[in-house]
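I have placed the structure first, in the form of structure tokens, so that the comments after it can refer back to it.
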Ligand code: ZN
Ligand code: ZN
Ligand code: FE
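Residue numbers (the numbering used here): 20 to 778.
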């Protein structure tokens, strides 16, 4: 007796070869019926004998196609229709939309083999792809995911491609971006003014130009890169000067793992990360005496490496035969260029040639950045290759939430039911372009995932543009979320913790809501609320944003606080670059409380120490002083400085004894590496001690370490084991960045908890 089942499958099931997989599986099992894409995922109707139906379902659940992520399978009996054949039916349009969209996916092994096979019809074709690989998120304009709703719409498939596309046994069956040299997008090589240089093999020519020392703008998957030979010192320096990027490290793309291994040390976890579907830039420890130009990552022990993730990259790297700098196509901190006209006008001053193509990028998406600690990954930037894959939450959203994030490294987050959709990296909300892509990005996500938010969550900082966005929206319930509470919540929600926990929020700056700026915080936190129980001692931050660009200002604060003197009267070496006059001005502003706020920021403590050591008085990118202090810290040093903890609650961690000791050592001429290590080591017992006290007072044993400071691997490698040795359960952000890129996710979960349980 035949039976018939109606099956719906939810998750990432479109654009990943799901229908041909279902088709093949149905045929194998001798089943009739159909499969189609709709706005909630994939719907299947199957008719046949019960054992065949069961074996179909088991296989579907256990061995789906490699890129598919099944979240839910729903199955019910319906009356048989006596059908004999199995078909793939056209997508069905509107209804409720809740289909998940795959991130862009790196070139698969099968496509790669064809790409380099001289007798293949797609030999050296830079847009080769199949249902297991290729562009997705960056080319999708609307759902359901079909070619006519992507930027591939304008390319009409040739007869050969069309045959593959319609053949359920073919790897390119319904591969929406399917294309070949006859019918698909093409690359062109242009000079700096946008004129085509010649008709030959544009990629081979571009590779030759790169070898000769030219800077090229290369149109990639989510935007333009600026590329040059990473071994060529002069070119890398020239790129830095033109891009107005003084010291911030450039990412490097290497042809394969072997090439990466020649430049950097690689652990198994790092290797796994490099090769993962996200293909992030991975921060790896540099080998000694490598040929990479020093200017790629000045004063860094690490290099940001990535592997090619599009066929174009594979060809370019193979032809160039050298590792390439592949840095975002922009001027200093602007958003990366992804539209051709914009790229030509904005990058024309920097790039001598342009390698472009005519497949439009619909969504700008920067490269993701990750690093490994032990056997786990830490995401520093979650973007291309990850977005828009949602994060599942254990507390479902009671109402749809939009969270606006912070200000730097901005992302937004839309929460609905079990899913938190975190946007790609938007950037620093400081100029019109970023603001514009923030606003448009929100609309795009709302449409793609059919989420109409009822609630809007935002940071308490009144000057953040994200806060102003929230203020300007009407008709939604508004929930302000304290910055460090959002950090802690982001870590809790990732791990399904409902609290209370001990939340350690260490970062640069976050609005406290009490007129001070926080950043060295110990919270006893639930998702719906928190108590601030300890923090770093308050110090004056003079001059607002300038204090962030000029770490010496915090050094002056710390020195006056600890020793009552300024760097000159202390006779600190290396301070001749800052005039005595400037220091006097800052001191007097501090005394008169002019443009001065109190801060408990840990990032600013790192600034102060980096400056006192003479390592960095002025920063030209965010977090530079702290990063260089970490880079300077020597391994194998176990000593630390002393600190005190105030008697009253909230407890204050007082670093004055440490600063005093540090100054003595600086004057004695101690090596910077050992002082940097000892400073880091001092934070470890300070954190452990406060957590111990909170365990005593509140009976808590779970610690969430979160905030930008915890990108610091030297610190993590010491503080995590120290806490575990003291019996704590320790959690770090894994799926969302621990920096402000994770704030939106935290805000969304806090807002939801407040809706559910009250604040
Ligand atoms: Zn493929
Ligand atoms: Zn074709
Ligand atoms: Fe922060």
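In this text, a Cβ means the ideal position worked out from N, Cα and C, and glycines have one as well.
{"Asked": "Secondary structure at residue 260, three-state DSSP: helix, strand or coil?", "Found": "helix"}
{"Asked": "Indicate the three-state DSSP secondary structure (helix, strand or coil) for residue 345 in the structure shown.", "Found": "strand"}
{"Asked": "Applying the criterion that 16 or more other CB atoms from any shown protein chain within 10 Å of the CB defines a buried residue, is residue 218 buried or exposed?", "Found": "exposed"}
{"Asked": "Beta carbon of residue 526: closer than 6 angstroms to some heavy atom of ligand 3?", "Found": "yes"}
{"Asked": "In the DSSP assignment, the beta strand (DSSP E) including residue 415 goes from what residue to what residue?", "Found": "410-422"}
{"Asked": "Per DSSP, what kind of secondary structure is residue 115 in: helix, strand or coil?", "Found": "With a pLDDT of 48 at residue 115, under the threshold of 50, the modelled position of this residue cannot be trusted, and the question is left open."}
{"Asked": "For the candidate residues 311, 27, 355, whose alpha-carbon lies nearest to that of residue 280?", "Found": "311"}
{"Asked": "Mind pulling the alpha helix (DSSP H) runs of 4 or more residues that sit fully within the stretch 214-257?", "Found": "221-230"}
{"Asked": "Which one of 503, 487, 110 has the shortest CA to CA distance from residue 497?", "Found": "487"}
{"Asked": "Grab the span of the beta strand (DSSP E) containing residue 723 for me, first residue to last.", "Found": "721-725"}
{"Asked": "So what's residue 61 in DSSP terms, helix, strand or just coil?", "Found": "strand"}
{"Asked": "For the stretch 461-471 against the stretch 423-437, do three or more pairs of beta-carbon atoms, one drawn from each stretch, fall closer than 8 angstroms, so that the two count as touching?", "Found": "yes"}
{"Asked": "So what's residue 571 in DSSP terms, helix, strand or just coil?", "Found": "helix"}
{"Asked": "What number of angstroms, rounded off, separates the C-alpha of residue 188 from the C-alpha of residue 159?", "Found": "25 angstroms"}
{"Asked": "So, helix, strand or coil for residue 33, using DSSP?", "Found": "coil"}
{"Asked": "Taking a contact to mean a Cβ-Cβ separation below 7 angstroms, would you say residue 30 touches residue 95 in this structure?", "Found": "no"}
{"Asked": "Note down the Cα distance separating residue 191 from residue 199, rounded to an integer number of angstroms.", "Found": "12 angstroms"}
{"Asked": "How about residue 616 and residue 560: are their beta carbons less than 7 angstroms apart?", "Found": "yes"}
{"Asked": "Using 8 angstroms as the Cβ pair cut-off and three pairs as the minimum, do the stretch 372-381 and the stretch 472-491 touch?", "Found": "no"}
{"Asked": "Tell me which residue opens and which closes the beta strand (DSSP E) that residue 297 is part of.", "Found": "First-last for residue 297: undefined, no H or E at that position."}
{"Asked": "Where does residue 670 sit, in a helix, a strand or coil, going by DSSP?", "Found": "strand"}
{"Asked": "Measure the alpha-carbon distance for residue 411 versus residue 505 and round it to whole angstroms.", "Found": "17 angstroms"}
{"Asked": "Excluding sequence positions up to five away, which residues of its chain have a Cβ less than 8 angstroms from the Cβ of residue 115?", "Found": "At residue 115 the pLDDT is 48, less than 50, meaning the model places this residue with poor confidence; the figure from the coordinates comes in the next sentence. Excluding residues within five positions, the ones whose Cβ falls inside 8 angstroms are 58, 59, 469."}
{"Asked": "Are three or more beta carbon pairs between the stretch 720-731 and the stretch 509-517 nearer than 8 angstroms?", "Found": "yes"}
{"Asked": "I'd like to confirm the pairing. Which residues does DSSP put opposite residue 520 in its beta bridges?", "Found": "544"}
{"Asked": "Check this for me: beta carbons of residue 248 and residue 196, under 7 angstroms apart or not?", "Found": "no"}
{"Asked": "My assumption, with CB atoms under 8 angstroms, is that residue 651 sits in contact with residue 706. Please give the rounded CB distance.", "Found": "Actually they are not in contact, since the Cβ atoms of residue 651 and residue 706 sit about 21 angstroms apart, beyond 8 angstroms."}
{"Asked": "Whose C-alpha, out of 608, 272, 229, is nearest the C-alpha of residue 346?", "Found": "272"}
{"Asked": "The alpha helix (DSSP H) spanning residue 325 covers which residue range?", "Found": "It is not in any alpha helix (DSSP H) - residue 325 instead sits in the beta strand (DSSP E) that spans 321-325."}
{"Asked": "What residue range does the beta strand (DSSP E) around residue 458 cover?", "Found": "Residue 458 -> not in any beta strand (DSSP E); alpha helix (DSSP H) instead, spanning 451-467."}
{"Asked": "Could you tell me whether the Cβ atoms of residue 341 and residue 245 are closer together than 7 angstroms?", "Found": "no"}
{"Asked": "Are there 16 or more other CB atoms within 10 angstroms of the CB of residue 135, so buried, or fewer, so exposed?", "Found": "exposed"}
{"Asked": "Would you tell me roughly how many angstroms separate the C-alpha atoms of residue 551 and residue 512, rounded to the nearest one?", "Found": "19 angstroms"}
{"Asked": "Cβ of residue 215 within 6 angstroms of any heavy atom in ligand 2?", "Found": "no"}
{"Asked": "Quick one, what's near ligand 2 if you take every residue whose CB is closer than 7 angstroms to any heavy atom, in chain order?", "Found": "176, 177, 179, 180, 198, 199, 201, 202, 203"}
{"Asked": "Give the list of continuous alpha helix (DSSP H) stretches no shorter than 4 residues that lie fully inside the stretch 572-630.", "Found": "599-610"}
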